[in-house]
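Everything below concerns the one structure shown next.
Number of protein chains: 2
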Amino acid sequence: MNTLKVALLGAGNVGSEVARILIEDSEVLAARAGSKLELIGIAVRDTATKRGQHIAPELLTTEAEALVDQADLVIELIGGIEPAGSLVARALKRGSVVVTGNKALLAERGAELFQLARENGGHLGFEAAVAGAIPILRPINESLSGDRITKVMGIVNGTTNFILDAMDTTGADFADVLKQAQDLGYAEADPTADIEGFDAAAKAAILSMLSFHADFRLGDVYREGITSITADDVDAAKEAGFVIKLLAIAERLEDGVAMRVHPTLIPRVHPLGAVHGAFNAVFVEADNAGELMFYGQGAGGRPTASAVMGDLVSAVRRLTRGVGAAKDADEVVEVRSLDLKPLGIEHVMTSYCIGLTVTDRPGVLSRIAAIFAENGVSIEQMRQSRGNDEENQASVLRIITHRGSEQALAQTVASIRELDVVSRVNSVLRVEGN
Amino acid sequence: MNTLKVALLGAGNVGSEVARILIEDSEVLAARAGSKLELIGIAVRDTATKRGQHIAPELLTTEAEALVDQADLVIELIGGIEPAGSLVARALKRGSVVVTGNKALLAERGAELFQLARENGGHLGFEAAVAGAIPILRPINESLSGDRITKVMGIVNGTTNFILDAMDTTGADFADVLKQAQDLGYAEADPTADIEGFDAAAKAAILSMLSFHADFRLGDVYREGITSITADDVDAAKEAGFVIKLLAIAERLEDGVAMRVHPTLIPRVHPLGAVHGAFNAVFVEADNAGELMFYGQGAGGRPTASAVMGDLVSAVRRLTRGVGAAKDADEVVEVRSLDLKPLGIEHVMTSYCIGLTVTDRPGVLSRIAAIFAENGVSIEQMRQSRGNDEENQASVLRIITHRGSEQALAQTVASIRELDVVSRVNSVLRVEGN
Numbered sequence: 001m002n003t004l005k006v007a008l009l010g011a012g013n014v015g016s017e018v019a020r021i022l023i024e025d026s027e028v029l030a031a032r033a034g035s036k037l038e039l040i041g042i043a044v045r046d047t048a049t050k051r052g053q054h055i056a057p058e059l060l061t062t063e064a065e066a067l068v069d070q071a072d073l074v075i076e077l078i079g080g081i082e083p084a085g086s087l088v089a090r091a092l093k094r095g096s097v098v099v100t101g102n103k104a105l106l107a108e109r110g111a112e113l114f115q116l117a118r119e120n121g122g123h124l125g126f127e128a129a130v131a132g133a134i135p136i137l138r139p140i141n142e143s144l145s146g147d148r149i150t151k152v153m154g155i156v157n158g159t160t161n162f163i164l165d166a167m168d169t170t171g172a173d174f175a176d177v178l179k180q181a182q183d184l185g186y187a188e189a190d191p192t193a194d195i196e197g198f199d200a201a202a203k204a205a206i207l208s209m210l211s212f213h214a215d216f217r218l219g220d221v222y223r224e225g226i227t228s229i230t231a232d233d234v235d236a237a238k239e240a241g242f243v244i245k246l247l248a249i250a251e252r253l254e255d256g257v258a259m260r261v262h263p264t265l266i267p268r269v270h271p272l273g274a275v276h277g278a279f280n281a282v283f284v285e286a287d288n289a290g291e292l293m294f295y296g297q298g299a300g301g302r303p304t305a306s307a308v309m310g311d312l313v314s315a316v317r318r319l320t321r322g323v324g325a326a327k328d329a330d331e332v333v334e335v336r337s338l339d340l341k342p343l344g345i346e347h348v349m350t351s352y353c354i355g356l357t358v359t360d361r362p363g364v365l366s367r368i369a370a371i372f373a374e375n376g377v378s379i380e381q382m383r384q385s386r387g388n389d390e391e392n393q394a395s396v397l398r399i400i401t402h403r404g405s406e407q408a409l410a411q412t413v414a415s416i417r418e419l420d421v422v423s424r425v426n427s428v429l430r431v432e433g434n
Numbered sequence: 001m002n003t004l005k006v007a008l009l010g011a012g013n014v015g016s017e018v019a020r021i022l023i024e025d026s027e028v029l030a031a032r033a034g035s036k037l038e039l040i041g042i043a044v045r046d047t048a049t050k051r052g053q054h055i056a057p058e059l060l061t062t063e064a065e066a067l068v069d070q071a072d073l074v075i076e077l078i079g080g081i082e083p084a085g086s087l088v089a090r091a092l093k094r095g096s097v098v099v100t101g102n103k104a105l106l107a108e109r110g111a112e113l114f115q116l117a118r119e120n121g122g123h124l125g126f127e128a129a130v131a132g133a134i135p136i137l138r139p140i141n142e143s144l145s146g147d148r149i150t151k152v153m154g155i156v157n158g159t160t161n162f163i164l165d166a167m168d169t170t171g172a173d174f175a176d177v178l179k180q181a182q183d184l185g186y187a188e189a190d191p192t193a194d195i196e197g198f199d200a201a202a203k204a205a206i207l208s209m210l211s212f213h214a215d216f217r218l219g220d221v222y223r224e225g226i227t228s229i230t231a232d233d234v235d236a237a238k239e240a241g242f243v244i245k246l247l248a249i250a251e252r253l254e255d256g257v258a259m260r261v262h263p264t265l266i267p268r269v270h271p272l273g274a275v276h277g278a279f280n281a282v283f284v285e286a287d288n289a290g291e292l293m294f295y296g297q298g299a300g301g302r303p304t305a306s307a308v309m310g311d312l313v314s315a316v317r318r319l320t321r322g323v324g325a326a327k328d329a330d331e332v333v334e335v336r337s338l339d340l341k342p343l344g345i346e347h348v349m350t351s352y353c354i355g356l357t358v359t360d361r362p363g364v365l366s367r368i369a370a371i372f373a374e375n376g377v378s379i380e381q382m383r384q385s386r387g388n389d390e391e392n393q394a395s396v397l398r399i400i401t402h403r404g405s406e407q408a409l410a411q412t413v414a415s416i417r418e419l420d421v422v423s424r425v426n427s428v429l430r431v432e433g434n
């Protein structure tokens, strides 16, 4: 059996797990891949930093370029654009197999790197960059290659799912749960990228690119975070049989794809409703396959390392059999069968769950219902509960609409806001999967 | 763009959908595959039978062998061993790409057919034969190729899931729901293969083969059906936060794989608990990836046709790029890195939910608890509810145990059955995912 040389770039959270697997599982990997995989070095910034006990100090080097030049297979887990980008390009120019988990690099220089892989007979594997351990790239790109994806809905950010799930389970407030998530390491000290939906929006763009074979960017994605979700919202959703999730949604419309990230009510019995804690899931609707869902851990050292190793072993199998390593995942970026443009949220059909505080007197409901009718929005359910505020005779209304155009729904809310009998619009949340 | 000739064998439920997709979506398929796909004929037993309106009568032929000999790509959807097996072998000997959804044929002659594909540079795609539209073959075989699968739990039979889900939702009895499922076409007139777990057991063997790279057969799988599940069992499970599902479970143990199919209590919040109606799902546990789940439709014309087309387009992409079609799914059967043997259910650790009718008098609980203790089985929860049978002073006990060896649990139940204070053992169900 021949031996292939593996260079590992980066020894962080994921990198050190990849090193461990390469060393501990070398026999099984060789049997599966058809070649022995020899870890010849790990490029790090500082060789003095202590690493895991399975990493022999002599493997560490600061000479990343020299390491790349000696390797048949390069695993890039440094992250960020540079020096990662130059090292990946260098390896691909040599015709090497490169496996990366670097979302930022793909978003910024993906097209160029895939072309380098094609031109030089190399291969760029990137399953680990999309939804961590969840196999999503091959299912979308190969298993569904004879079908037409119409909609993708994903829980793609573990931090926000952990927070919303904890709010749902404990009834606690957003701020308390965020604090707890930070203490447990599920949320960063500066949680903005997660809780404001930026991370989910970037993933929505990548999933859309994979699903609809078109170039989309973060800026094409409509975005709302979860910071305004209250314990009351969660409670009200529960009462109506729903759970609130931060969803990344990409939808094929007549002449383009609408992408959006926002907190969303989904039925508790929906498969996405059973995604708890920091787990992720991607729900796909296709013309012929119908509904599919892929569930798993979207982040973390070991799960992401599993995806890296899957790319590596699959590529080595092809190399070993003399098939040439490239020629599968590369299609994702190459095949552009459709000329779909990004569309704003105003193009989608959705339904709303609206919470209002209103004056509790006769005729209020009919005035509110009239506004829905004027805008052509039909009401699926309405529930009134008297507030504690006896003196002001206020009551709280929860209205869930049928599906209508986003524009009609937004106009309805704007008109309701102006009614004198409405003292407050407490919340406006979209509903999916109903 | 070059054109490849496609022969379709069979025009049943799945075949007619495949024909429709090949005809209606020809442009999109050509763009994705890199070659035009021309449906040159459909082999059927009787050309006089009426087919869907998209199928031109001149496409139909009874000369299957002649059709196979003219084709670059052969789609086998006849089912059964013969003539399907001879036709598939004939095509593979010619070095053609063959895509099949034929579970029975794979189980009986898989090894021989994969070898024919390898020897002659052909390819045998079979994603459609495993869990219908759910992409499971590539995720297990490629995405997890650098990981170690430890356990697979699947809802792999739509009929039984439809029945159990309806019992859970409506509180109805097994017999009534079975009748309803038959009326709706979800269950066959003779439902034995489904409700006695034979279909699920065959799928358990195939999933185990894929997951653990070893040869397993239907006969290696322990099997219990769902015919003895009562509305009371479903109710009691619900009360305790569980739902009853027919699971196909394959588990890696020290020196082998234990495979079993039986009705199982799983927590309602478990991802498998959100699999409703006739949907299927496969839940996978791997050393590094952790928990993964793949969800979708396990049967039906259009979903299965989607899986067939995915195999076809993926293979054509490789052909078009001159890579040779084979060399990916074939590994599934070829790679035998481990020598794992099938193990009986007595080797597994599980937990039980036991329902008993007992005499309601002091000392009964302690006698029952003593038997658990003697067998080293610890009790997680016990619930006593008084029955209606005031005169006989009977009460009903539900006991859920912690995890113990199957042998110890079975021994516990046998001893309890002999107690004079136990008038009836109402049900014994295993619990997973707790």
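One line per chain: the protein sequences are U and E, in this order. The end of the first sequence is residue 434 by full-length UniProt numbering, with every number in the run present. The end of the second sequence is residue 434 by full-length UniProt numbering, with every number in the run present. We put the beta carbon where it would ideally sit given N, CA and C, even for glycine.
#1: Starting from L178(U), follow its DSSP beta bridges and name the residues at the other end.
#2: At 8 Å on the CB atoms, spell out the chain E contacts of D186(U), in chain order.
#3: Got a sec? Which residues, its chain only, sit under 8 Å from I81(E) by beta carbon, not counting five neighbours each side?
#4: Quick one: what does DSSP say R45(U) is sitting in, helix, strand or coil?
#5: Roughly how many whole angstroms lie between the Cα atoms of N434(E) and V284(E)?
#6: Hey, is Q53(E)'s beta-carbon within less than 9 Å of any beta-carbon in chain U?
#7: Below 8 Å CB to CB, which residues in the same chain sit around V14(E) once its five sequence neighbours on both sides are set aside?
#8: Smallest Cα separation from A380(E): which of I354(E), D360(E), G363(E)?
#9: Let me check one thing: in DSSP terms, what residues is K245(E) bridge-paired to?
#10: Beta-carbon of M293(E) versus every beta-carbon of chain U: anything under 9 Å?
#11: Expressed to the nearest angstrom, what Euclidean distance is found between the alpha-carbon atoms of G324(U) and S35(E)?
#12: Please check the pair I75(U) and N280(U), which I expect to be a contact at CB under 8 Å, by giving their CB distance rounded to whole angstroms.
#13: Can you tell me where the beta strand (DSSP E) with G296(E) in it begins and where it stops?
#14: May I ask you to verify whether the region 241-251 of chain U touches the region 143-160 of chain U, counting CB pairs closer than 8 Å and requiring at least 3?
#15: For D168(U) and H270(E), what's the separation of their Cα atoms in angstroms?
#16: Please return the same chain residues whose Cβ sits closer than 8 Å to the Cβ of R45(E), not counting the five positions on each side in sequence.
#17: Does F283(U) come out as helix, strand or coil in the three-state DSSP assignment?
#18: So the candidates are D287(U), V275(U), L319(U); which of them puts its Cα closest to the Cα of G298(U)?
#19: Going by DSSP, what residue range makes up the alpha helix (DSSP H) through A205(U)?
#20: State the beta-bridge partners of L73(U) as determined by DSSP.
#21: DSSP three-state label for S228(U), please.
#22: Are the Cβ atoms of V68(U) and A91(U) separated by less than 9 Å?
#23: In or out: A202(U) buried (at least 16 other Cβ within 10 Å) or exposed?
#24: Alpha carbon to alpha carbon, what distance is there between R430(U) and R367(U)?
#25: Using a Cβ-Cβ cutoff of 9 Å, what residues of the region 273-292 of chain E are near chain U? List them in chain order.
#26: Taking DSSP as the reference, what is the three-state secondary structure of L429(U)?
#27: Using a threshold of 9 Å, state whether the C-beta atoms of D345(E) and E432(E) are closer than that.
#28: Mapping the DSSP letters down to three states, classify P83(E) as helix, strand or coil.
#29: Identify each residue in the region 22-51 of chain E for which the Cβ-Cβ distance to at least one residue of chain U is less than 8 Å, and report them in chain order.
#30: Which residues, in chain order, does the region 110-131 of chain E contribute to contact with chain U at a C-beta distance below 9 Å?
#31: Would you check if the distance between the CB atom of G310(E) and the CB atom of L144(U) is smaller than 9 Å?
#32: In this structure, how does DSSP classify P303(U) when only helix, strand and coil are distinguished?
#33: Taking 9 Å as the CB-CB limit, is V313(U) close to chain E?
#34: Thinking C-beta only, is R424(E) closer than 9 Å to T357(E)?
#35: Listing by chain order, which chain E residues have their CB less than 8 Å from the CB of M309(U)?
#36: Pick from G41(U), E58(U), P83(U): whose alpha carbon is nearest that of A71(U)?
Taking the geometry as given:
#1: Sequence index remark: in the first sequence, residue 178(U) carries index 178 (1-based). L178(U) is not bridged to any residue.
#2: Numbered from 1 along the first sequence, position 186 holds the residue referred to as residue 186(U). Residue identity differs from the one stated: residue 186(U) is Tyr in this sequence, not Asp. Ordered by position in chain E, no residue passes the 8 Å Cβ test against Y186(U), which lies about 15 Å from the chain.
#3: Within the second sequence, residue 81(E) is the residue found at index 81, counting from 1. The answer, listed in chain order, is A104, L105, E108, R109.
#4: Within the first sequence, the letter at position 45 stands for residue 45(U). Reduced to three states, the DSSP call for R45(U) is coil.
#5: Taking the first residue of the second sequence as 1, we reach residue 434(E) at position 434. Taking the first residue of the second sequence as 1, we reach residue 284(E) at position 284. Looking at the two C-alpha atoms, the distance is approximately 15 Å.
#6: Counting from one through the second sequence, the residue named residue 53(E) turns up at place 53. It does not; no Cβ of chain U falls within 9 Å.
#7: Counting from one through the second sequence, the residue named residue 14(E) turns up at place 14. Once the five neighbours on either side are set aside, the close Cβ partners of V14(E) are L77, G101, A128, G301, T304, A305, V308.
#8: One-based indexing of the second sequence puts residue 380(E) at position 380. Ala is not the amino acid found at residue 380(E); the sequence shown has Glu there. With distances taken between Cα atoms, E380(E) lies closest to I354(E).
#9: Here the question's residue 245(E) lines up with position 245 in the second sequence. For K245(E), which the question treats as bridged, DSSP gives the partners T264(E).
#10: Taking the first residue of the second sequence as position 1, residue 293(E) is located at position 293. So yes, M293(E) belongs to the interface.
#11: Along the first sequence, one-based indexing puts residue 324(U) at 324. Along the second sequence, one-based indexing puts residue 35(E) at 35. Low confidence applies to G324(U): its pLDDT is 46, below 50, so where it sits in the model is not reliable enough to give any reading.
#12: Taking the first sequence and counting its residues from 1, the one referred to as residue 75(U) is at position 75. Taking the first sequence and counting its residues from 1, the one referred to as residue 280(U) is at position 280. Not really, about 22 Å apart at Cβ, beyond 8 Å.
#13: Along the second sequence, one-based indexing puts residue 296(E) at 296. Note, G296(E): beta strand (DSSP E), 290-297.
#14: yes
#15: Taking the first sequence and counting its residues from 1, one reaches residue 168(U) at position 168. Taking the second sequence and counting its residues from 1, one reaches residue 270(E) at position 270. Their Cα atoms are separated by approximately 16 Å.
#16: To locate residue 45(E), count along the second sequence from 1; it is residue 45. Excluding positions up to five away in sequence, the list reads T62.
#17: Stepping through the first sequence from its first residue, residue 283(U) is reached at position 283. Three-state result, F283(U): strand.
#18: For the purposes of this step, residue 298(U) is identified with residue 298 of the first sequence, where counting begins at 1. Nearest C-alpha to G298(U) among D287(U), V275(U), L319(U): V275(U).
#19: Within the first sequence, numbered from 1, the residue matching residue 205(U) stands at position 205. That run of the alpha helix (DSSP H) goes 198-212.
#20: Numbered from its first residue, the first sequence carries residue 73(U) at position 73. L73(U) is bridged to V6(U), V97(U).
#21: Stepping through the first sequence from its first residue, residue 228(U) is reached at position 228. In the structure shown, S228(U) sits in coil (DSSP, three-state: anything other than H, G, I, E or B).
#22: Along the first sequence, read from residue 1 onward, the residue named residue 68(U) stands at position 68. Along the first sequence, read from residue 1 onward, the residue named residue 91(U) stands at position 91. Taking 9 Å as the Cβ cut-off, V68(U) and A91(U) qualify as a contacting pair.
#23: To locate residue 202(U), count along the first sequence from 1; it is residue 202. Buried, by the Cβ-count rule.
#24: The residue labelled residue 367(U) in the question sits at position 367 within the first sequence. The residue labelled residue 430(U) in the question sits at position 430 within the first sequence. Looking at the two C-alpha atoms, the distance is approximately 22 Å.
#25: G273, A274, V275, H276, F279, A281, F283, V284, A286, D287, N288, A289, G290, E291, L292
#26: The residue given as residue 429(U) occupies position 429 in the first sequence. Residue state, collapsed to three classes: strand.
#27: For the purposes of this step, residue 345(E) is identified with residue 345 of the second sequence, where counting begins at 1. For the purposes of this step, residue 432(E) is identified with residue 432 of the second sequence, where counting begins at 1. Reading off the sequence, residue 345(E) comes out as Ile, not Asp. Cβ distance not < 9 Å, so I345(E) and E432(E) don't count as in contact.
#28: Taking the first residue of the second sequence as position 1, residue 83(E) is located at position 83. Of the three classes helix, strand and coil, the one that applies to P83(E) here is coil, per DSSP.
#29: D25, V28, L29, A31, R32, A33
#30: E127
#31: To locate residue 310(E), count along the second sequence from 1; it is residue 310. To locate residue 144(U), count along the first sequence from 1; it is residue 144. Yes.
#32: Within the first sequence, residue 303(U) is the residue found at index 303, counting from 1. DSSP places P303(U) in helix when its eight states are reduced to three.
#33: Taking the first sequence and counting its residues from 1, one reaches residue 313(U) at position 313. For V313(U), the answer is yes, since a Cβ of chain E falls inside 9 Å of its Cβ.
#34: Within the second sequence, the letter at position 357 stands for residue 357(E). Within the second sequence, the letter at position 424 stands for residue 424(E). Closer than 9 Å, so yes.
#35: As a position in the first sequence, residue 309(U) is number 309, starting the count at 1. Going along chain E in sequence order, the residues near M309(U) (Cβ under 8 Å) are S145, G146, D147, N288.
#36: Along the first sequence, one-based indexing puts residue 71(U) at 71. Among G41(U), E58(U), P83(U), the Cα nearest to that of A71(U) is on G41(U).
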